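A.B. asks:
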Amino acid sequence: MLLSSLRLHEFRSYGQVLLTPPPGVTVLAGKNGTGKTNLLEAVHLCCLGRSHRTSQDRDMIMHEKESAAVQVTVQRRDGEHQVGVRLYENARRKKLIYVNGKIVPRMGELIGHATCVMFSPEDLQLVKDGPQARRRFLDMLLSQDQRSYFYALQNYNNALKQRNALLKSLQAGGDPRQLDAWDEQLALCSAPIVRMRRETVEEMKKQATSHYTYIAGKNEEHFDLRYVSQVADAENVSEKLLKLLKESRAEDLRRVTTTRGPHRDDVELYLNERELKSFGSQGQIRTAVLSLRLASFDLLTKHQGETPLLLLDDVLSELDATRREKLIERVSGAQVLLTCTDISDLSEAKPACVLRVMNGGLIQQ
Ligand SMILES: Nc1ncnc2c1ncn2[C@@H]1O[C@H](COP(=O)(O)OP(=O)(O)O)[C@@H](O)[C@H]1O
Ligand SMILES: [Mg+2]
């Protein structure tokens, strides 16, 4: 996939900017706080409909402005795709999604036109944080991989919200049998999510392990991932979850929340059978996260028959020269947008284009 243009309007620090990156590596160089990550965030917004670093869309609107717009054009094997997002300061106005010039009613329709894998400094949290961070990682990857996953997740989250609302209203009294309908709905919606998560973790495992060994350069360190779910091993996921929901009903009523289901899933990360989170060094954690991102890149490349766009935010400076070279070698062939403060960190990256990022603008070097 080739990103041929990125256009921003009143997005974060940019009034107006147009970027037309060539194939290969485009370097965005500049001091801290000049707006490098903002550019990658804009691309991410067009690929997934949301930022990689905030859940508040309004944060992305330039201060004092009412609205922001971002548009990308990509060339894929099947032709040109254009995706745009417009955000509004006014909380009552929903964000607008454009695909090939037309407004589309559902967020899901944005997905699958422009595809990216983002490497960012916050990725370390993938290992260190709780299960939610790893579920988000899987959800973002799977949504880009299959739009049906995005819709399945939306359905599940809606059902979960309704069930939790009912649990809350039942505190004031009422017949708990009203939960039956939501239990069934949740159980039904969970099946495709669990199936796709299970398959994806299984598929990524081999790649992630082999990337780890290659980047670390050590055969004796074995990296592994495991999908953990209360219903992971069930032959019939819906039936199993329905049973668990019934069993936990009293507890759910007491705790006023749904304690069973894929919204409690995790992906555990191990190094030599020990949990990385508790035992991994900083370097091991960093290598593991790179391996997960590279495995995501492989998965999307395989399923879509072309490479996704790679967004590397400040990652090179964190790596030693050998790891840096290995990372660059593994992603050669893809189009890359790479940010850095110091272009001497680029080592073997051989950029096709270097842009200097200044407050609110870009200058070709
Ligand atoms: N909504 C916004 N409106 C205007 N400026 C913003 C907004 N959000 C962030 N900024 C500015 O963007 C800059 C940070 O951009 P960022 O891309 O994170 O920098 P870096 O180059 O370090 O990656 C800061 O100067 C910040 O003030
Ligand atoms: Mg940054």
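8 is the number of the first residue of the sequence shown in this note's numbering; add one for each residue after it. Using N, Cα and C, we set each Cβ at its ideal position, and we do this for glycine too. Quantities reported herein were computed from a predicted structural model and do not represent experimental measurements.
Check each candidate in Arg100, Asp85 and Glu17 and name the one with the smallest Cα separation from Leu9.
C.D. replies: Residue Asp85 is the option with its Cα nearest to Leu9.
A.B. asks: Per DSSP, which one or two residues make a beta bridge with Arg363?
C.D. replies: Looking at the DSSP assignment, Arg363 forms a beta bridge with Ala36 and Ile370.
A.B. asks: Rounded to whole angstroms, what is the Cα-Cα separation between Val263 and Glu191?
C.D. replies: Near 18 Å, if we compare the C-alpha coordinates of Glu191 and Val263.
A.B. asks: List the endpoints of the continuous beta strand (DSSP E) containing Arg93.
C.D. replies: Residues Gly86 to Tyr95.
A.B. asks: Check whether the stretch 326 to 333 and the stretch 9 to 22 touch, using three or more Cβ-Cβ pairs below 8 Å as the test.
C.D. replies: Output reads no: the stretch 9 to 22 does not touch the stretch 326 to 333.
A.B. asks: Sorted by chain position, which residues of the same chain lie with C-beta nearer than 6 Å to Cys360's C-beta, five sequence neighbours on each side aside?
C.D. replies: If we look at Cys360 and ignore the five residues flanking it on each side, its Cβ neighbours are Pro29 and Thr33.
A.B. asks: Alpha carbons only, please: which of Asp66, Leu193, Gly181 and Trp189 is nearest the one belonging to Ala159?
C.D. replies: When only C-alpha atoms are compared, the closest one is Leu193.
A.B. asks: Taking the DSSP output, what are the residues bridged to Ala172?
C.D. replies: Note: Ala172 sits in no beta bridge, so no partner.
A.B. asks: How should Pro315 be labelled, buried or exposed, when 16 other C-beta atoms within 10 angstroms of its C-beta is the threshold for buried?
C.D. replies: The residue is buried, with at least 16 neighbouring Cβ atoms inside 10 Å.
A.B. asks: Per DSSP, which one or two residues make a beta bridge with Lys109?
C.D. replies: Answer is Val106.
A.B. asks: For Asp259, does the count of other Cβ atoms within 10 angstroms reach 16, so buried, or fall short, so exposed?
C.D. replies: Label assigned to Asp259: buried.
A.B. asks: Would you call the CB atoms of Cys123 and Leu278 closer than 8 Å?
C.D. replies: Against a cut-off of 8 Å, the Cβ pair of Leu278 and Cys123 comes out as no contact.
A.B. asks: Any heavy atom of ligand 1 closer than 7 Å to the Cβ of Ile68?
C.D. replies: Yes; taking the cut-off as 7 Å, the Cβ of Ile68 has a heavy atom of ligand 1 nearer than that.
A.B. asks: Quick one: what does DSSP say Arg331 is sitting in, helix, strand or coil?
C.D. replies: In this structure, Arg331 counts as helix in the three-state DSSP scheme.
A.B. asks: Compute the Euclidean distance between the alpha carbons of Glu71 and Leu94, then round it to the nearest angstrom.
C.D. replies: About 13 Å.
A.B. asks: Along the chain, which unbroken stretches of the beta strand (DSSP E) at least 3 residues long are found entirely within the stretch 223 to 288?
C.D. replies: Whole beta strand (DSSP E) segments, 3+ residues: 230 to 235 and 273 to 278.
A.B. asks: Would you grab the beta carbon distance between Arg271 and Gln237 for me? Rounded to a whole angstrom, and I think it's under 8 Å.
C.D. replies: Rounded, the Cβ-Cβ distance is 7 Å, consistent with contact.
A.B. asks: Under 8 Å by Cβ, that's how I've got Ser324 and Leu148 pegged, so tell me the actual separation to the nearest angstrom.
C.D. replies: No, Ser324 and Leu148 are not in contact; Cβ-Cβ is about 25 Å, not under 8 Å.
A.B. asks: Quickly, what does DSSP pair Met125 with across the bridge? List them, please.
C.D. replies: Looking at the DSSP assignment, Met125 forms a beta bridge with Leu318.
A.B. asks: Is DSSP giving Ala140 helix, strand or coil here?
C.D. replies: Residue state, collapsed to three classes: helix.
A.B. asks: Buried or exposed for Ser127, please, with buried defined as at least 16 other CB atoms from any protein chain shown within 10 angstroms of its CB.
C.D. replies: Answer is buried; the Cβ neighbour count reaches 16.
A.B. asks: With a threshold of 8 Å on Cβ separation, who are the neighbours of Ala166 within its own chain once the five nearest residues in sequence on each side are excluded?
C.D. replies: Closer than 8 Å at the Cβ level, and outside the excluded window around Ala166, lie Trp189, Gln192, Leu193 and Cys196.
A.B. asks: How is Leu210 classed by DSSP in three states: helix, strand or coil?
C.D. replies: The question names Leu, yet the displayed sequence has Glu at residue 210. Residue state, collapsed to three classes: helix.
A.B. asks: Spatial neighbours of Tyr105 within its chain, please: C-beta separation below 6 Å, excluding the five flanking residues on both sides.
C.D. replies: Cβ neighbours of Tyr105 beyond the five flanking positions: Gly91.
A.B. asks: Going by C-alpha distance, which of Thr41, Gln78, Leu35 and Asn171 is nearest Leu55?
C.D. replies: The shortest C-alpha separation from Leu55 is found at Gln78.
A.B. asks: If you run the structure through DSSP and keep just helix, strand and coil, what is Gln151?
C.D. replies: In this structure, Gln151 counts as helix in the three-state DSSP scheme.
A.B. asks: Give the straight-line distance between the Cα atoms of Ile335 and Gln153, rounded to the nearest whole angstrom.
C.D. replies: Cα to Cα, Ile335 sits roughly 27 Å from Gln153.
A.B. asks: Sorry if obvious, but does the Cβ on Thr329 come closer than 7 Å to a heavy atom of ligand 1?
C.D. replies: Outside the cutoff, so no.
A.B. asks: Would Asp146 and Val296 qualify as a contact pair, given that the criterion is a beta-carbon distance under 8 Å?
C.D. replies: Result no, Cβ atoms of Asp146 and Val296 do not sit closer than 8 Å.
A.B. asks: What residues in its chain sit with their C-beta under 8 Å from that of Leu52, if we drop five residues either side in the sequence?
C.D. replies: Around Leu52: Ser58, Met67, Val77 and Val92.
A.B. asks: Compute the minimum distance between the beta carbon of Arg19 and the heavy atoms of ligand 1, and state whether it is under 7 Å.
C.D. replies: At least one heavy atom of ligand 1 is nearer than 7 Å to the Cβ of Arg19, so yes.
A.B. asks: Name the two residues that bound the continuous beta strand (DSSP E) containing Gln82.
C.D. replies: Where Gln82 is concerned, the enclosing beta strand (DSSP E) stretches over Ser74 to Arg83.
A.B. asks: Could you tell me if the beta carbon of Thr216 falls within a distance shorter than 7 Å of some heavy atom in ligand 2?
C.D. replies: The answer is no for Thr216.
A.B. asks: Less than 7 Å between C-beta atoms, sequence neighbours within five positions excluded: which residues of the same chain meet that for Met114?
C.D. replies: Correct list, in chain order: Gly56 and Ile104.
A.B. asks: What do you reckon, are the CB atoms on Leu307 and Gln151 nearer than 8 Å?
C.D. replies: For Leu307 and Gln151, yes; Cβs fall inside 8 Å.
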